[in-house]
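K.L.:
Numbering (the working numbering), first residue to last: 439 to 834. We put the CB at the ideal spot given by N, CA and C, even for glycine. The structure under discussion is supplied below as structure tokens; questions concerning it will follow.
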Ligand SMILES: *Cc1c(COP(=O)(O)O)cnc(C)c1O
């Protein structure tokens, strides 16, 4: 049985180019960039070459890039840093949304315990927040606005440029978790008015355990991992050079192929959405237009997402009910609740996140399997029986 992997928002397979770029660093190029000898300097050159090339992909400058162990670390460091530097000026207020990734939400929860006040903007039913909402929430003591570029569950793309403009005008630091955006849709830190941004390699066919921070010149970035002077003193620890080089190659490749991939992905995505909406009492989650090219997120009434996933897996289809971090817990997705779905509906969710490696045949197979599995689960569902008998009201 062929495996159809459509969980690319959780992680992606490395591209051939990314693997090829990594390989020399597993054996041949092993130097420590902090060493003054030739072996070390070869590694140092590779690292700095990658930094310059990585920066170019998001229209930043090399000295504005700091490499990290991934998206979670980048989010933690940016948010904590902006909060603590705000506090020095007496600013204790942060603005975010209710549907951020847990790397952001859990950092904010901790900061609340430490005395910060966080405003979580309501996310509209279409999965979007507006720049006006941000403008209205900004106070004289606002230290930071952190709003994700694109949502990892429902794929909605926020009006980042407008939000950045509002923050710039108000003189508030603006951070965005761009983990789902980088390599998938154009990201330009200058045009988008972004002060701080988080990226993770494994979401665009790079290796796991490596990511980056963009921190605009003039914005302070505090050190949280103490030790050596790596990353210009902002992040101690011998650099993951192979990972960084491989990530850079993956990002360059993703940016180069972005427009072509988007056309292919949107075609597959839209065929999936239209096909799956034919299932009665189903809905698409998240705005249809302001949406990542590879994201499909649906709810089917009367079923549990977990059951759906397991039965699809038995048919060789690897999808998700939401974020990889919440699966395994019985709570419905915080993202689906944030856009106003009732618990009963949010439980029956399915996220399909494509990559350019998927094919039209994969789409055909999914369009055949999902209605079968949804029908099978509904036949066994006491909730569905009540819905059918009219003892319970349909919510979709
Ligand atoms: C995956 C993801 C992260 C975490 O990145 P890691 O590199 O896995 O730590 C953060 N934010 C978003 C939106 C993500 O999708």
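(1) Secondary structure at residue 701, three-state DSSP: helix, strand or coil?
(2) Hey, is residue 819 close to ligand 1, as in C-beta under 6 Å from one of its heavy atoms?
(3) For residue 763, collect the residues of the same chain with a Cβ closer than 7 Å to its Cβ; drop the 5 residues on either side in sequence, then sort them by chain order.
(4) Are there 16 or more other CB atoms within 10 angstroms of the CB of residue 780, so buried, or fewer, so exposed?
(5) If you draw a straight line from the alpha carbon of residue 393 to that of residue 585, how long is it in whole angstroms?
(6) Compute every distance between the C-beta of residue 772 and the non-hydrogen atoms of ligand 3, then say whether any falls below 6 Å.
(7) For residue 763, name the three-state secondary structure that DSSP assigns.
(8) Does residue 752 come out as helix, strand or coil in the three-state DSSP assignment?
(9) If you reduce the DSSP assignment to three classes, tell me which class residue 492 lands in.
(10) Using only the alpha-carbon positions, how far apart do residue 752 and residue 809 sit?
(11) Taking the CB atoms as reference points, tell me whether residue 681 and residue 674 lie closer together than 7 Å.
(12) Does DSSP classify residue 634 as helix, strand or coil?
(13) Look up residue 445 in the DSSP assignment and say whether it is helix, strand or coil.
(14) May I have a chain-ordered list of the beta strand (DSSP E) segments no shorter than 3 residues that lie completely inside the region 614-674?
(15) Between which residues of its own chain and residue 630 is the CB-CB distance below 6 Å, once the five residues before and five after are set aside?
(16) In chain order, what residues of the same chain have a beta carbon less than 8 Å from the beta carbon of residue 483, not counting five sequence neighbours either side?
P.N.:
In terms of the structure at hand:
(1) helix
(2) no
(3) With a pLDDT of 48 at residue 763, under the threshold of 50, the modelled position of this residue cannot be trusted; read the value that follows with caution. Only 540 meet the Cβ criterion.
(4) exposed
(5) Look at the range of the chain in this structure, 439 to 834, and you will see that residue 393 is not part of it.
(6) Summarising the ligand content, the structure contains ligand 1 and does not contain ligand 3.
(7) With a pLDDT of 48 at residue 763, under the threshold of 50, the modelled position of this residue cannot be trusted, and the question is left open.
(8) helix
(9) helix
(10) 15 Å
(11) no
(12) strand
(13) strand
(14) 634-638, 649-653
(15) 598, 599, 602
(16) none
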